[in-house]
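Residues in the sequence shown are numbered consecutively from 1, following UniProt numbering. No residue lacks a Cβ here, since even glycine has one placed at the ideal position from N, Cα and C. Treat the numbers as computed from the prediction; the structure is a model and nothing was measured.
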Amino acid sequence: MPNYKSLVEHARALLSQHHDFARRSYNTGVVAVHYAKGSSAAFPGDAVELDNARPVVRTEEELLEEYFSGTAGSALDETDKTFLAEVLNGCARHRLALEVALNAFYVQTGERLLRHEYNLYAVLFYLTLFRLADLTFSRLRTILLSYPPANAVPFARFVFDKDRITGMLQDRWNLLLDADWVQENIVEPVVSCLEPASELIAELDNKAAVGMVVKRDCGKQPTEQAPFMLTKPKPRRIPAPNEIVPNVARPVPRSVYKGTGEREALEKTKADNRAKLKEAYARSDANQFAVVHRKPAVAARAASPPVPPRPRIQHRPVPSNLREVIPVKLTTTAILREDALVRKQKQEQLAWLNEVEMGLKDGGEFRQWRDGGRAKEESDKKLEMERRRLEIQLIHEDAFEAKQELLKENRERAAKILAERITLRAAGESERKEQEEENRKRVEEIQGMAEEIQQAKLKVTENNLRIAAEITQQTKQLREQAIAEQAAEHARKAELIAEIRQLERSIPSVGTIVKLVDPTETSNLGLLSEMSVAELQERLLHARVQVAEDEERRREEIGLERKERVEMIGRRLREIEIQRNERRRRRRKRAGNERASDTQTGSGLSSPTPNLEATSALDWLREKLQAKRTARLNAQQLPVRKSPTRIVATLPPSEWSELDVAERNHHARLRRRNEGPSEYSGSGDSGDDGNGSQGWEAEQGVVL
């Protein structure tokens, strides 16, 4: 079902743009006096300003085409567009007959309705008088109920008055149209709907009366809601000048001809920064390769006075429990994961033992081949690292040469840019002087125009005062009219409130009617699930007892499952601890065997053969690096030393003694580490054997 109220509003907006109806909505015929209080923002209604750029008189086809192509008419379908076209053309064709009804309607209502709603009532009169047979009374009733009763009740009372329709209005229509056509197409459809129209009027009156809210006298002044400060306040109007200020020419500032001195200060700052940067570059170039160098002890003592030794820091002793095995508390997930890994290794070890027993393979040759491969990989890795180190040093030498070339090119480019800058600065200075001369002439012209501006300001001020007086007079008239309408509205509301209070006195007070409730009775609705309140409470009690029993049973089952799981985890943790102790014992035994084999001369694998090709490539890289360093130092006129070639610095003897002590401590730590493996080196849970191999390893039929 279409939304007829929306269509009526669209038709109202179309009539507001028609040249015959646009000027009927206003007293002046140019602009709207005010908007309706409850009008929707989607429909501008009759408050439309005429566009003087377009022709005042336009055809209905042009209005429809422009409206349907706009934002408001883009969402309409073909049926709605057809309805709006028929309404617009019908209102334009029967304009004189509609004006007869509208003028009589506004005279009858005593000018209480707004002229802004003229086009709305024009659409309603057209649908009621000329299209009631096609529209049907039910749809017209829906349209009138969608509007406020204050607007719909006067219209319904006027148009469905039999004496008025068959009397004064019919006589005037007969002067414009054919009498038989008026009787058949206008009067008879309206007269046939008088009975349902009376019911509609009564419903609208009831809606207007019930919608009123009784105002209770509470003895306090009602709270007045202050509007939100959503926008900034309007700026205060500048008062009219009391006296005319004479036009006094201001002197030209001195900076217009002599400048402000900012350019000279900026140039001086740039020069200072450039000098500081050159000094920093010179210091960095002189100390680019400076490192620490040990001077002879005799020369150091003669050069500087003896320095007392620095006090040694007393460190705290090493804790006694540092080498003890601290057990780590494992989570359930870690225990299950390690237990699964142990079981998997056991299965693999059993499979390996079965294959050895059957004579399929032996692990001794494989271990020998694996150890030899590892040693060869270590030697190749060292040669590769040495080759990369030499290549990186060659890249550094090439980068230094490229940097020197780039610095030379930058110096030449900087000299060229400096010469161009001097030329451009001289040209810019001449242009600046010309621009300052032009600015001075322009300032003189502007000062001559100041007097004319003052006269124009005085004229604008006089016009503003005259317009303000006119607006004040119009505002006063509108305010008096609004006060009169408000007084009439208050009188009508007071009468309605008195009637409502009279009706309230006949209604019994709250709490006088008491109805007894029997908890054993049912609702007697004929449903299978009917039960009384007492039966419902009893069933609810049984359901709660059953839920409590189920919770207790489930709680016992969960406790038993938890106890069994804890026992299983403890059993597996004991098995894991046994396996760890066995792995620690095997690692200590294997470490002792390796130390014994290292002390023997004939034991161990043969050392890998050196890679002659890689060695020759390294020698060639060293020779090339030494040649590049020699060429660079000769270019810098510095003494040539063997690799590494550096410019050295010196340290005082006290710091050399600290370096010697640190070196001796480092060698002592290395000797202690090589004497034997620490007791706690293999106590971790991961099974690390100290050789960089993580995880589990099979050796001689035992899981490690």
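- Relative to Leu145, the option among Asp163, Ala488, Glu551 and Lys5 whose CA is nearest is Lys5.
- For the set Leu503, Glu61, Leu135 and Asp550, the Cα lying nearest the Cα of Ala209 is the one of Leu503.
- The continuous stretches of alpha helix (DSSP H) do not include Asp518, and DSSP gives it neither H nor E.
- Separation of the CB atoms of Arg440 and Val252 is rounded to 7 Å, and the pair is thereby assigned contact status at 8 Å.
- Note that the C-beta distance between Leu64 and Leu88 is below 8 Å.
- Taking one beta carbon from each stretch, the region 192-203 and the region 414-426 have fewer than 3 pairs nearer than 8 Å; the two do not touch.
- Taking C-beta atoms under 8 Å as the contact rule, Leu618 and Leu383 qualify, at a distance of about 7 Å.
- Distance from the CA of Arg629 to the CA of His396, rounded to the nearest whole angstrom, comes to 10 Å.
- The Cβ-Cβ distance between Leu169 and Val107 does not fall below 8 Å.
- With respect to the 8 Å criterion, Ala156 and Leu194 are not classified as neighbours on the basis of their beta carbons.
- Under a 10 Å Cβ-count criterion, Phe105 is classified as buried, with 16 or more other Cβ atoms of the shown protein chains found around its own Cβ.
- By the criterion of a C-beta distance shorter than 7 Å, Val443 is surrounded in its chain by Val252, once the five residues flanking it on both sides are discounted.
- Taking C-alpha positions only, Gln473 is separated from Tyr257 by approximately 56 Å.
- Straight across, the Cα-Cα distance linking Lys376 with Lys589 is about 26 Å.
- Per DSSP, reduced to three states, the secondary structure at Phe137 is helical.
- About 6 Å separates the beta carbon of Leu127 from that of Leu135, a gap short enough to meet the 8 Å contact definition.
- Closest in C-alpha terms to Asn206, from the list Ala488, Pro149, Lys408 and Glu184, comes Pro149.
- In the three-state scheme derived from DSSP, where H, G and I count as helix and E and B as strand, Leu496 is classed as helix.
- The alpha-carbon of Ala498 is positioned some 35 Å away from that of Phe228.
- Contact between Leu14 and Phe83 fails: their C-beta atoms lie close to 11 Å from each other, not under 8 Å.
- The C-alpha of Trp173 is placed about 12 Å away from the C-alpha of Asn185.
- When the Cα atoms are used, Lys234 and Glu480 turn out to be separated by approximately 26 Å.
- By the CB criterion at 8 Å, Arg572 and Asp380 fall outside the cutoff.
- Only residues of its own chain outside the window of five on either side were considered, and among them none has a CB closer than 6 Å to the CB of Arg93.
- Taken atom to atom, the span from the alpha-carbon of Pro519 to that of Ala534 is near 6 Å.
- About 7 Å separates the beta carbons of Phe125 and Leu102, which is inside the 8 Å limit, making them a contact pair.
- Annotation for Ser529: no alpha helix (DSSP H) segment contains it, and DSSP assigns it neither H nor E.
- The continuous alpha helix (DSSP H) containing Gln108 extends over residues Arg95 to Gln108.
- In the DSSP assignment, Tyr281 falls within the alpha helix (DSSP H) that extends over Glu262 to Ala286.
- Within the region 550-584, no run of beta strand (DSSP E) reaches 3 residues while sitting entirely inside it.
- The Cβ neighbour count for Ala487, taken over all protein chains shown within 10 Å, is under 16; the residue is labelled exposed.
- By the 16-neighbour rule on beta-carbons within 10 angstroms, His10 is buried.
- Here Ile467 carries a helix assignment [DSSP, helix/strand/coil].
- In the three-state reduction of the DSSP assignment, Ala75 falls in the coil class.
- Rounded to the nearest whole angstrom, the C-alpha separation of Glu117 and Ser523 is 55 Å.
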